[in-house]
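A.B. asks:
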Amino acid sequence: MKFESKRGNEKAELQLTSMIDVIFLLLIFFVMTFKIAAQEGDFSVKMPLQGSGGNPDTTNIPIKLRLRANADGELADIVVNESLSYGNDWAKLRGYILELTGGNAPPTPEEGPEVEIDLDYNLRYEHVIRAVTAVTGQRQGDEIKRLVERIKFATPRKPQ
Amino acid sequence: MKIRKSYDSKMAEGDLTAMIDMVFQLIIFFMVLINFSQDDQNDKIKLPSSELAKPPEAPLTFPIVLHLDSNAAIYMGTNVVTVDSIAPLLRTEIDLLKSRNQKASDANIVIRGHQGTPGGVVQDLIKKCQDLGFEKFALRVREEQP
């Protein structure tokens, strides 16, 4: 006896509509929440409390960097060792550091000259970072040449 | 003269395979790149930039991330504190370090300061951390394209 197949000859078809709906929903969610984060980096500083360890500066070239701010918190003057004034020219400050260090990196991060940064309380943080950038190194193409590894902050100048 | 239709009477069907492939690729791309971590990012903070900024070569040991906004508010995890009221939170971290046989000096304080924050506030924060025994600090900055 011959049984006739109930199924037709047509191909079985997948219902893709709901899957495509979900996929587009996911895609839109990820596109909306996507945020390109800028590359971030660190200035690593080892700063023990004064008088509780840490290597003293044995290089005999102490650098005291005084950053003066105007009333708006913008940089007014850069003074090195209470004698040299560079206005707000970071390139001149870096030139001075290059001259002092001979352009050579300290043998280890714990050695070499130490820079003490003394700033007005209201000076914007971006200028502090510019100062740290100017004294700690120099970019030469893709390479970063280290100049000073040791920095510390002076006692905060609290507004009266 | 009667012209016979050359095409099939069946409904025209688009081939969706290539489109689905592409859409899946896009979804995977966005899923991989999306940053769900709220710990490392804070929209209120606009970091200062520096040409010397380089991502750390090795992960920092026991990082404690402090977000410092322009109004001198400090975001530490889900807590919002000031420099004067941060000590209890840092002491909790020190207790956690002790339970792992480590000291405060082994931890790294990562300061994500807003570029307009008064520098004196950052100094105060560092001083407060130093008083509690922390020694290693990482001043986080945005990479500046030369």
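Each protein sequence line maps, in turn, to chains P and C. Its first residue numbered 1, the first sequence is counted upward by one per residue in this note's numbering. Its first residue numbered 1001, the second sequence is counted upward by one per residue in this note's numbering. Each residue gets a CB set at the ideal place from its N, CA and C atoms; glycine is no exception.
Within the continuous alpha helix (DSSP H) that includes Asp1131(C), where are the two ends?
C.D. replies: Gly1119 to Asp1131 is the span of the alpha helix (DSSP H), which, as asked, contains Asp1131(C).
A.B. asks: Assign Asp89(P) to one of two classes, buried (16 or more other C-beta atoms within 10 Å of its C-beta) or exposed (fewer than that).
C.D. replies: Burial call: exposed.
A.B. asks: Our contact map puts Leu1068(C) next to Val1110(C) with C-beta atoms below 8 Å; I'd like the distance itself, whole angstroms only.
C.D. replies: Contact flag wrong, Cβ pair sits at about 11 Å.
A.B. asks: What is the DSSP secondary structure of Gly95(P), counted as helix, strand or coil?
C.D. replies: Gly95(P): helix per DSSP, three-state reduction.
A.B. asks: Enumerated in chain order, which unbroken segments of the beta strand (DSSP E) with a length of 3 residues or greater are wholly contained in the stretch 1044–1102 of chain C?
C.D. replies: The stretch 1044–1102 of chain C contains these whole beta strand (DSSP E) runs: 1063–1068, 1074–1076 and 1079–1081.
A.B. asks: Report the CB separation of Leu1090(C) from Leu1125(C) in whole angstroms; it is logged as a contact under 8 Å.
C.D. replies: With 8 Å as the limit, Leu1090(C) and Leu1125(C) do not qualify as a contact, their Cβ atoms being about 10 Å apart.
A.B. asks: Measuring only the C-alpha atoms, how far is Gly1014(C) from Ile1027(C)?
C.D. replies: Going by the C-alpha atoms only, they are around 22 Å apart.
A.B. asks: Drop a sphere of 10 angstroms on the beta-carbon of Lys158(P), count the other beta-carbons inside from all chains shown, and report buried for 16 or more, exposed for fewer.
C.D. replies: Answer is exposed; the Cβ neighbour count stays below 16.
A.B. asks: In terms of residues, what are the limits of the alpha helix (DSSP H) holding Gln1025(C)?
C.D. replies: Counting along the chain, the alpha helix (DSSP H) containing Gln1025(C) begins and ends at Thr1017 to Leu1033.
A.B. asks: In the stretch 1061–1079 of chain C, which residues sit with their C-beta less than 7 Å from some C-beta in chain P, listed in chain order?
C.D. replies: Listed in sequence order: no entries.
A.B. asks: Do you know offhand how far Lys35(P)'s Cα is from Ile1086(C)'s?
C.D. replies: So the alpha carbons of these two residues sit roughly 30 Å apart.
A.B. asks: Look at the Cβ atom of Leu67(P), then the Cβ atom of Ile117(P), and state whether they are nearer than 8 Å.
C.D. replies: The answer is yes: Cβ separation under 8 Å.
A.B. asks: Between the Cα of Ala1072(C) and those of Ile1020(C), Pro1118(C) and Ala1053(C), spot the shortest distance and give me the residue it belongs to.
C.D. replies: With distances taken between Cα atoms, Ala1072(C) lies closest to Pro1118(C).
A.B. asks: Could you tell me the alpha carbon to alpha carbon distance between Gln1115(C) and Val1141(C), rounded to whole angstroms?
C.D. replies: Rounded to the nearest angstrom, the two C-alpha atoms are 9 Å apart.
A.B. asks: Looking at Phe43(P): is its Cβ nearer than 8 Å to the Cβ of Thr101(P)?
C.D. replies: Cβ atoms of Phe43(P) and Thr101(P): not closer than 8 Å.
A.B. asks: Opposite Leu67(P) in the DSSP bridges: which residues?
C.D. replies: Paired residue(s): Ile78(P) and Leu119(P).
A.B. asks: Considering Cα atoms alone, identify which of Ile1045(C), Phe1134(C) and Phe1137(C) is closest to Tyr1075(C).
C.D. replies: The shortest C-alpha separation from Tyr1075(C) is found at Ile1045(C).
A.B. asks: Taking Gln980(C) and Leu49(P) to be in contact with their CB atoms under 8 Å, please state how far apart those CB atoms are, rounded to whole angstroms.
C.D. replies: The displayed coordinates of chain C run from 1001 to 1146. Any statement about residue 980(C) would go beyond what the structure contains.
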